[in-house]
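I have placed the structure first, in the form of structure tokens, so that the comments after it can refer back to it.
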Amino acid sequence: MAGGVHGFPGALTSFVGRSGPVTEIAGLLAKRRLVTVTGPGGVGKTRLVGEVARRVARRFADGAWLVELAPVQDPARVPGTVAAVLGVREEPGVPAVEAMIRALAHQQLLLVVDNCEHVVDEAARLCAGLLAACDDVRVLATSREPLRVTGEARYRLVPLAMPGPDDPSDQGGSEAVTLFIDRAQHTDVRFVLDEETGPAVARLVTRLDGIPLAIELAAARVEALGVAQLLARLDDRFALLSAGDRLTGRHQSLAATVEWSYRLLGQHEQRVFRALSVFPGPFTLAAAEAVAGPEAGLVLLHLVDCSLVGPPRTGPDHRPRYAMLETLRAYGTARLDAAERDDAITALAAYTLEVAVQAAKGLQTSEGELPAAQWLDAEDATMRQVLEWAREHDHEVALRLAVALAPWWDLRSGLPSQNALLRQVSAWAATGSDEWCAIEFWLGMTARFSADMAGALGHFTAVRDAVSDRRPSRVLADALTGRASVLREQLRISEAVEDADRALAIAREIGYPAGEVQALHNLTQAAMIADDVDRAVRLARETRETRPAAGVPSQAEQARSDTLTSVLMATGDQAAAERVCAAALARSRRANNRQHLARLLSRMVLLDLAAGRVQDAAAHQREALQILVRAGSWFELLNAMMSCGCLCGETGRYAEAITLLAAYEAFCQRTQTSDWPSDARHRQRYVDQARQALGAAEIRAAEERGAAMTMVTAAEYALMLTNLEPQLAEHGAGPLTSRERELVTLVAQGCTDAQIAVQLGISIRTVRSHLDRIRDKTGCRRRADLTRFALRAELV
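Note that our numbering gives residue 642 to position 653 of the sequence shown, counting from 1, and the numbers run on in steps of one.
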């Protein structure tokens, strides 16, 4: 993790007023671990917490992270949504909350959870769980009602300050008038506050109750109507509200302002506005026309002018995208009748499936992969909503959408979290059909990621058996390659080679370069496991020559690069290995393929060590571990633990090296993961050095410690060891007191604040006060940093 703010959109307009609330909430966060900002819709909660987060982010070693819950319709999706934002991979059978607790237990961050009101119960449970288990996590939430979690500090955000009754011309410069002027000048640069407009504006913002959204919507009309007519129309606006209106529960001024702005539209514009409200997130002009009709483009531009749709911003796919404020979106969906809603959602599903299928084709080539992946990144919220809808209403769409999105999930390391969905849609596919084969293949991949080798082999075999009597195909080649990868891990080398050889022949026969690369990759790895380096070199060269004009996607390309790097290292050609690995690292960063990035970083660590670049090795190892600890990728963590053990050996930390290498070997046995003899020989060099430097008892203790570690503990331990020097405060911290040394020792032993309080017979507040002082003295912000400090100070 890195400090700073993450996920907060850049502001297109200035932040007006609210200096008092910003300071007060920042002060509350210094004292309380959960602060909930409440208030009516449109009062400015979201913008306010963004400003607070930017101000206080420097207090948190791992920064401030924004999670927007507005698009989440199903409360059960709340934990998964938060985990996705934080980069915590969901694992089959492991609740998202538990996965987050594992990832965040030793992090220090501010979690900003926006728009909790429609999923308030699940949001409250999530916050309570995280706060109870992660002592250095704080939460800043916004909701129209409190979360009602123990320890919650509630901050009610009131409307902007308005002109007083004795100041009709606003000589004091109230926040509400200042906001109106600022926004009015965005639409009419000639607008000024003078003797004529001043009193009218003061009355206008007072009638609007100082609600920022209401003021902004009114200011957007100043050029067309002028202040006098704006003020005059407010009476008609309030009359639009009816007793049966679904928005009656909202703040009346806001509801009236939205209703008023809506009524100013023509009937056709209103229809487009309602249709566009089905988008859960940002959308393109093409998407708007697909859902609301080909003539919707011009209407959309008018809606932007009216501030009913936000101006376009460049999305992750570099396309301009429009978005509605959540309040306006909810207003539009509330006014869709049943027929309109069905038509709009059906059109949205058709458009979404078209995008997914088109993007899936792009993912198959090196040139198209990055733009296709970024396109799907930008459409993520829409994809999720349509997929949830289709699971209930259109199984064919759900099945086809899952097939199209699976390669993207795999690229983004999110495939394991889709296991339940893949199993569900598999039941809707005819056995042996193309869709069934695709889903079975991806189920095999999720099982392999979860170390269920038997399950993975079963899925890959089922696909092979279903298509073996058909013409050679990509499906058959992929199924054979999947089987080969599992058989290789199980050390059934002859069977693995047989399947990989057959997959290679099929791929070459049908012109499937990505399949050819994957088959050669499996054959090369099988040769390395068999310690046949000469054959591995020949296969690696053959793989390198497989460069079709269209290229291959990064999943295949990165597998080739990783294997080629390892083979070159085994043959002693360090310079060539570095060139291949560096180029692959650059490709991984461009494609945002974080799983492969972490694997290649671990390979680069070994290359750095061979070249004597210890500091570079530590930096690369740290980055790899930070990625993997967040994602919880068990397979890649094995590689990282092995390379970190070598880093420790190279820097003379022999007990730590033995501990990590023992943990690595234990996990290889537990997960049925095969080991390369060349890697084993590389590790043995450091083991031999350790045996010369340490006594038998020390070696035995280190081995037992490593073998007993969980994967998470070993990863955190490795991450601590990537810092080669103690992190002491630059301002010259004083020595720790005996009580402070005791607290640091308990933190290093994995105790929570509550456990420390019980053990020492003091309050949790006292524990946290002590830890704050310790952090000031040592400069160690995270619990992991304190653990490393304790290790270096020989406190544990």
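Positions of the beta carbon are idealized from the N, C-alpha and C atoms, including for glycine. Just so it is clear, the structure is predicted and the values come from calculations on it, not from any experiment.
Residue span of the beta strand (DSSP E) that contains residue i, given as start and end
i	result
E141	E141 to R145
D326	Unbroken run through D326: none, as it is neither H nor E.
R730	Element bounds for R730: not the beta strand (DSSP E) but the alpha helix (DSSP H), S727 to A737.
G299	G299 to T303
A312	P309 to A312
Span of the alpha helix (DSSP H) around residue i
i	result
S591	R583 to A599
Y675	P666 to A682
R172	E164 to T176
Y653	Y643 to R659
D366	S355 to A367
F49	No alpha helix (DSSP H) holds F49; DSSP gives it neither H nor E.
S415	N408 to S415
H790	This structure leaves residue 790 out entirely; the chain is present only between -10 and 785.
L469	R463 to E478
M709	M700 to L710
R530	V522 to R533
L119	V109 to A122
V452	M442 to V456
For residue j and residue i, the rounded distance between their alpha carbons
i	j	result
M630	A655	11 Å
A686	A696	15 Å
S667	Q615	26 Å
V603	R619	24 Å
A277	G(-1)	24 Å
H609	V475	29 Å
H21	D125	In the sequence on display, residue 21 carries Arg and not His. C-alpha separation (whole angstroms): 11 Å.
L775	L784	11 Å
D551	A573	8 Å
M89	Q678	38 Å
L717	P360	At L717, the pLDDT of 40 sits below 50, so the modelled position is not reliable; the number obtained from the coordinates is stated separately. Their Cα atoms are separated by approximately 44 Å.
P301	Y311	5 Å
A348	A362	7 Å
Q374	G270	10 Å
R708	R611	Strictly speaking, residue 708 in this sequence is Leu, with Arg absent from that position. Going from the Cα of L708 to the Cα of R611 covers about 6 Å.
Y251	A548	54 Å
L557	V569	9 Å
G500	G351	17 Å
V5	S555	57 Å
R7	S132	18 Å
V736	A743	11 Å
T195	P152	7 Å
Status (buried if at least 16 other CB within 10 Å, exposed otherwise) for residue i
i	result
G504	buried
V181	exposed
A409	exposed
R754	exposed
Q97	buried
H382	exposed
P68	buried
S457	exposed
L713	exposed
E284	exposed
R210	buried
R179	exposed
D225	Bear in mind that the predicted position of D225 carries a pLDDT of just 46, short of 50, making it unreliable; the figure below should be weighed with that in mind. Exposed, because fewer than 16 other Cβ atoms sit within 10 Å of the Cβ of D225.
D326	exposed
R460	exposed
E184	exposed
R770	buried
Residues that DSSP places opposite residue i in a beta bridge
i	result
S132	T27
W54	H(-5) and L100
F272	Y311
E184	DSSP lists no partner for E184.
V83	E80
Beta carbon proximity, residue i to chain D, threshold 9 Å
i	result
A608	In the displayed structure, chain D is absent; only one protein chain is listed.
If we count Cβ pairs, one from each stretch, closer than 8 Å, do we get three or more for the stretch 398 to 414 versus the stretch 51 to 65?
no
Are there three or more Cβ pairs, one per stretch, closer than 8 Å when the stretch 109 to 121 is compared with the stretch 163 to 183?
no
Pair every Cβ in the stretch 98 to 114 with every Cβ in the stretch 428 to 436, then say whether three or more of these pairs are closer than 8 Å.
no
Check whether the stretch 167 to 178 and the stretch 127 to 147 touch, using three or more Cβ-Cβ pairs below 8 Å as the test.
no
Are there three or more Cβ pairs, one per stretch, closer than 8 Å when the stretch 497 to 512 is compared with the stretch 657 to 672?
no
With three or more C-beta pairs closer than 8 Å as the rule, is the stretch 416 to 430 touching the stretch 383 to 399?
yes
The stretch 455 to 471 in contact with the stretch 486 to 506 per 3-pair CB rule at 8 Å:
yes
Inter-stretch contact (C-beta, 8 Å, three-pair minimum) for the stretch 258 to 272 and the stretch 286 to 302:
yes
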